[in-house]
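S.K.: Its first residue numbered 1, the sequence shown is counted upward by one per residue in UniProt numbering. Here it is, the structure in full.
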Amino acid sequence: MSSDDQRRLFAEIMEDYSHISQKRKRIIAVREDKYFNALQIKCSSAVTCHKSQGGQWKAIFIDNPFWREDFEMEDLKWLYTAITRATDIVYFVNFDKNLFK
């Protein structure tokens with residue numbers, strides 16, 4: 001995102017907090033806004049599970065754009081591969097919470 005786009009985004013989100021009268025508190029609210037901060041993530045690279053085999057990273061984000069509740073054994077093998085690439089933490093993105101019960 002360019003600097004101009006970032007400034008525009010910040011200004012637009014500031015409007016969402018217009019009910020806060022003090023500008024300083026409004027800025028703090030924007031900086032703590034989970035949606036604003038989510039847009040600030042910068043992705044340096046993405047790797048498929050197949051390509052990741054043998055590699056390790058401190059943090060792994062596993063996105064689930066299409067998996068269903070009825071995982072096939074092959075799906076579980078790839079999920080295992082993805083999870084075991086992390087040395088510190090794994091983040092599951094877009095997974096149904098019921099899968100973890």
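Backbone N, C-alpha and C fix where the C-beta goes; we use that ideal spot for every residue, glycine too.
Looking only at DSSP bridge pairs, what is S61 linked to?
M.R.: According to the sequence as given, residue 61 is Phe; it is not Ser. According to DSSP, which records beta bridges pairwise, F61 is partnered with Y91.
S.K.: Quick check on V30: buried or exposed, where buried means 16 or more other Cβ atoms within 10 Å of its Cβ?
M.R.: Classification for V30: buried.
S.K.: For I83, does the count of other Cβ atoms within 10 angstroms reach 16, so buried, or fall short, so exposed?
M.R.: Per the 10 Å Cβ criterion, exposed.
S.K.: So the alpha helix (DSSP H) F36 belongs to, where does it begin and stop?
M.R.: Looking at the DSSP string, the run of the alpha helix (DSSP H) that includes F36 is K34 to A38.
S.K.: Measure the C-alpha to C-alpha separation of K23 and F10 and round it to an integer number of angstroms.
M.R.: Distance between the alpha carbons of K23 and F10 is about 13 angstroms.
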